[in-house]
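In our numbering, the protein residues as written are 1102 to 1520.
Idealized CB from N, CA, C, for every residue including glycine.
All values derive from a computational prediction rather than experimental measurement.
Since the structure comes first, as structure tokens, the remarks are kept for the end.
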């Protein structure tokens, strides 16, 4: 506080510095010095009182009197010279300033964090009494009680308990007694802290629209005054309908042209492999139908795992037709080759697997292929007829060209569903 900063005790002597610029502290020190001089009146001569006061000054108070010559205060009545200079340097406050200061202290009363309830009641009571002493302003007892209760840090439930204890009386003494009785060990809790942030105020678009509309109205008014406003033109309804129809027709034509151009671009981007795959599917389906109708090969025999080269060779050997149906198979193959489908133009791009040797001809390559067959896979015995060998080779070549694992399985599933 200012008392500790402006006043200090040194061996029972109070030193006044005036660093806080507080007139109240100066008045207190002045009263103490006057009393001290009275007690030393029998021991201290009148000419030494000024020198004694000079030894009790420091800081700003000493700066206010250090310009004096020692002869001016080291004489009888020298104490009054120093006290007058200090009074001018630290004048008393006006009555309005004194009242404003004390009222501010009262209205800012609030229990501090961790302050005991008894200490809070004592501090609030002292603030009200000080206001009455200094400014002759007194608060009603009910107002004092309300401040002590609602600024103590008690919750609304605790305040209700205190009011019930005081029987609804809000006087200072009754409220303080009820608070000490209900919560003798209560201390003011810590207050919650809230963060603050700066938010940019968004401009109101409606105000801008209003300004634009106002400017437009002003322009219209200006043109009307100078006869520059265009009169509304009158159009024939039939002419407007005809113009609208022509415009709509042209727009539809533009849309159709754009759609056709887009379809052409998509057709160009379609890979040639997809076109060839469609032709392969058609040929595989025709050959499988031929095998079922002429060779009477069951669907279970055709459903063979086609994940390895050995299985592919096995399927080729399994589909070798008998001699009795070679002529019919040749006719199907000839008709197929004589009328190629436009979708098969890119068929040559399909990767072809190695061609197996015709059944019945024993070669080293056939032996190697036979060794690679999975265990337990039966092989059809080769036919003795040269025509059968030729037809079997042709059939195997056709199957080998179009053989694909996913495509064969898809066609077989479709055939099974149809049956």
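Q) Just the Cα atoms here: how many angstroms apart are residue 1185 and residue 1148? A) If you number the chain shown from 1, residue 1185 lands on position 84. If you number the chain shown from 1, residue 1148 lands on position 47. Cα-Cα distance, rounded: 17 Å.
(Q) Cutting at 8 Å between CB atoms, please list the residues of its own chain near residue 1291, excluding the five before and the five after it. (A) Against the chain shown, residue 1291 aligns to sequence position 190. Excluding positions up to five away in sequence, the list reads 1214, 1215.
Q. Any idea if residue 1203 is buried or exposed, counting beta-carbon neighbours within 10 angstroms, 16 or more meaning buried?
A. In the chain shown, residue 1203 corresponds to position 102, counting from 1. Residue 1203 should be labelled buried.
Q) Given a threshold of 16 other Cβ atoms within 10 Å of its Cβ, counted over all protein chains shown, does residue 1359 qualify as buried or as exposed? A) For the purposes of this step, residue 1359 is identified with residue 258 of the chain shown, where counting begins at 1. Under a 10 Å Cβ-count criterion, residue 1359 is classified as exposed, with fewer than 16 other Cβ atoms of the shown protein chains found around its own Cβ.
**Q.** Contacting residues, own chain, Cβ-Cβ under 8 Å from residue 1193 (five flanking each side not counted)
**A.** Position 92 of the chain shown holds residue 1193. Taken in chain order, the residues that qualify are 1124, 1128.
Q. Could you give the distance in angstroms between the alpha-carbon of residue 1176 and the alpha-carbon of residue 1167?
A. On the chain shown, position 75 is the one that residue 1176 refers to. On the chain shown, position 66 is the one that residue 1167 refers to. Approximately 16 Å between the Cα atoms of the pair.
Q: Can you check DSSP and say which residues form a bridge with residue 1387?
A: By one-based count along the chain shown, residue 1387 stands at place 286. Its beta-bridge partners do not exist; DSSP assigns none.
Q: Output the distance between the C-alpha atoms of residue 1226 and residue 1189, rounded to the nearest integer angstrom.
A: Here residue 1226 corresponds to residue number 125 of the chain shown, with the count starting at 1. Here residue 1189 corresponds to residue number 88 of the chain shown, with the count starting at 1. Roughly 34 Å separates the two Cα atoms.
Q. When the Cα atoms are used, what is the spatial distance from residue 1162 to residue 1240?
A. As a first step, residue 1162 must be located in the chain shown, where it is residue number 61. As a first step, residue 1240 must be located in the chain shown, where it is residue number 139. Taking the straight line from one Cα to the other gives about 37 Å.
Q: Measure the alpha-carbon distance for residue 1277 versus residue 1114 and round it to whole angstroms.
A: For the purposes of this step, residue 1277 is identified with residue 176 of the chain shown, where counting begins at 1. For the purposes of this step, residue 1114 is identified with residue 13 of the chain shown, where counting begins at 1. Going by the C-alpha atoms only, they are around 39 Å apart.
Q) When DSSP builds the beta bridges, which residues end up paired with residue 1217? A) The residue labelled residue 1217 in the question sits at position 116 within the chain shown. According to DSSP, which records beta bridges pairwise, residue 1217 is partnered with 1288.
**Q.** 8 Å Cβ shell around residue 1366 - same chain, five flanking residues per side excluded
**A.** Within the chain shown, residue 1366 is the residue found at index 265, counting from 1. Excluding sequence neighbours, residue 1366 sits near nothing in its chain.
Q | Burial state of residue 1515, where buried means 16 or more other Cβ atoms lie within 10 Å | A | The residue you call residue 1515 lines up with position 414 of the chain shown. Classification for residue 1515: exposed.
Q | Cα-Cα separation between residue 1269 and residue 1251, rounded to whole angstroms | A | Position 168 of the chain shown holds residue 1269. Position 150 of the chain shown holds residue 1251. Each residue's alpha carbon lies about 14 Å from the other.
Q) Under a three-way DSSP split, which group does residue 1186 fall into? A) Numbered from its first residue, the chain shown carries residue 1186 at position 85. Helix.
Q: Please determine, among 1195, 1121, 1135, 1142, the residue with the shortest C-alpha to C-alpha distance to residue 1235.
A: Here the question's residue 1235 lines up with position 134 in the chain shown. The residue with the shortest Cα to Cα distance from residue 1235 is 1195.
Q. Going along the chain, which residues of its own chain have a beta-carbon closer than 6 Å to the beta-carbon of residue 1150, five neighbours each way excluded?
A. Your numbering for residue 1150 matches position 49 in the chain shown. 1138, 1180, listed in sequence order.
Q.
Please list the terminal residues of the continuous alpha helix (DSSP H) segment that includes residue 1171.
A. Along the chain shown, read from residue 1 onward, the residue named residue 1171 stands at position 70. Residue 1171 -> alpha helix (DSSP H) spans 1171 to 1174.
Q.
Give me, in chain order, the residues of the same chain whose beta-carbon lies closer than 7 Å to that of residue 1210; leave out the 5 immediate sequence neighbours on both sides.
A. Here the question's residue 1210 lines up with position 109 in the chain shown. So the list reads 1225, 1228, 1248, 1252, once near-sequence residues are dropped.
Q. Using the rule of at least 16 other Cβ atoms within 10 Å of the residue's Cβ for burial, across every protein chain shown, is residue 1233 buried or exposed?
A. By 1-based counting over the chain shown, the position of residue 1233 is 132. Its Cβ having fewer than 16 others within 10 Å, residue 1233 is exposed.
Q. Looking only at its own chain, which residues have a Cβ that is under 6 Å from the Cβ of residue 1221, when we skip the five neighbours before and after it?
A. Mapped onto the chain shown, residue 1221 falls at position 120. Within the same chain, residue 1221 has close Cβ partners 1212, 1253.
Q) Whose C-alpha, out of 1136, 1122, 1141, 1178, is nearest the C-alpha of residue 1165? A) Here the question's residue 1165 lines up with position 64 in the chain shown. Nearest of 1136, 1122, 1141, 1178 to residue 1165, Cα basis: 1122.
Q) From 1145, 1157, 1142, pick the residue whose C-alpha is nearest to that of residue 1130; which is it? A) Here residue 1130 corresponds to residue number 29 of the chain shown, with the count starting at 1. It is 1157 whose Cα lies nearest to the Cα of residue 1130.
Q) Can you give the Cα-Cα distance for residue 1144 and residue 1191, rounded to whole angstroms? A) The residue you call residue 1144 lines up with position 43 of the chain shown. The residue you call residue 1191 lines up with position 90 of the chain shown. If I take the Cα positions, the gap works out to 30 Å.
Q) Buried or exposed: where does residue 1347 fall if 16 or more other Cβ atoms within 10 Å of its Cβ makes it buried? A) What you label residue 1347 is simply residue 246 of the chain shown in a count that begins at 1. Exposed, because fewer than 16 other Cβ atoms sit within 10 Å of the Cβ of residue 1347.
Q.
My assumption, with CB atoms under 8 Å, is that residue 1217 sits in contact with residue 1288. Please give the rounded CB distance.
A. Here residue 1217 refers to the residue found at position 116 of the chain shown. Here residue 1288 refers to the residue found at position 187 of the chain shown. Right, the Cβ-Cβ distance comes to about 5 Å (below 8 Å), so this counts as a contact.
Q) In whole angstroms, what is the alpha-carbon distance linking residue 1480 and residue 1385? A) By one-based count along the chain shown, residue 1480 stands at place 379. By one-based count along the chain shown, residue 1385 stands at place 284. Bear in mind that the predicted position of residue 1480 carries a pLDDT of just 40, short of 50, making it unreliable; the figure below should be weighed with that in mind. Using only the alpha carbons, I get a separation of about 22 Å.
Q) The alpha helix (DSSP H) with residue 1202 in it runs from where to where? A) On the chain shown, position 101 is the one that residue 1202 refers to. From DSSP, the alpha helix (DSSP H) with residue 1202 extends over 1196 to 1208.
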